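Report on one structure; see the data block that follows.
In the working numbering, the protein residues as written are 14 to 143.
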């Protein structure tokens, strides 16, 4: 099974909550509503085998509404599949922590909060890195 197959499964499971999927040069991106972000990432981990979080970052689209965008890079270990998941975030919104899915998300989320001011709900240790 490929990352494209996984995207199709996510589309089937989440329907309209996924507002865009993009394939560019063999890399797959899923854009999902913020309210479904945690559930989608949990499904990727539990059902599709994405056991590794490579990175969590954010983009500041100053002047746009919503202003911010979260970016999650996840991968499988046994067959080297890679998937990018994105969700738009308003300035007043919080993002659900994924530390309950991937323990390694801890520092990534703290860095996003430190650098961009995007808060995470459910994070076990939300404090400044430095």
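Positions of the beta carbon are idealized from the N, C-alpha and C atoms, including for glycine.
Owing to the predicted nature of the structure, the values given are computational and were not obtained by experimental measurement.
Shortest alpha-carbon distance to residue i belongs to which of the options?
| i | options | result |
| --- | --- | --- |
| residue 110 | 118, 27, 104 | 118 |
| residue 23 | 106, 113, 93, 56 | 56 |
| residue 136 | 143, 129, 128, 120 | 120 |
| residue 143 | 131, 134, 127 | 127 |
| residue 76 | 58, 95, 103, 96 | 103 |
| residue 8 | 105, 116, 34 | Outside the displayed span of the chain (14 to 143) sits residue 8, for which this structure offers no information. |
| residue 91 | 31, 34, 62, 33 | 62 |
| residue 115 | 141, 85, 93 | 85 |
Going by DSSP, name the residue or residues bridged to residue i.
| i | result |
| --- | --- |
| residue 95 | 88 |
| residue 72 | 82 |
| residue 133 | 108 |
Taking the CB atoms as reference points, tell me whether residue i and residue j lie closer together than 8 Å.
| i | j | result |
| --- | --- | --- |
| residue 124 | residue 89 | no |
| residue 108 | residue 43 | no |
| residue 36 | residue 17 | yes |
| residue 74 | residue 82 | yes |
| residue 54 | residue 27 | no |
| residue 101 | residue 79 | yes |
Considering just the uninterrupted stretch of the beta strand (DSSP E) at residue i, what are its terminal residues?
| i | result |
| --- | --- |
| residue 111 | First-last for residue 111: undefined, no H or E at that position. |
| residue 7 | Residue 7 falls outside the range modelled here, since the chain spans only 14 to 143, and no answer is possible. |
| residue 64 | Premise fails: residue 64 is in no beta strand (DSSP E) and is neither H nor E. |
| residue 105 | That residue, residue 105, is in no beta strand (DSSP E); it is neither H nor E in DSSP. |
| residue 40 | 40-45 |
Could you tell me the boundaries of the alpha helix (DSSP H) in which residue i lies?
| i | result |
| --- | --- |
| residue 129 | 118-129 |
| residue 80 | Premise fails: residue 80 is in no alpha helix (DSSP H) and is neither H nor E. |
| residue 23 | 16-27 |
Contact the region 38-50 vs the region 67-76: 3+ CB pairs below 8 Å: no
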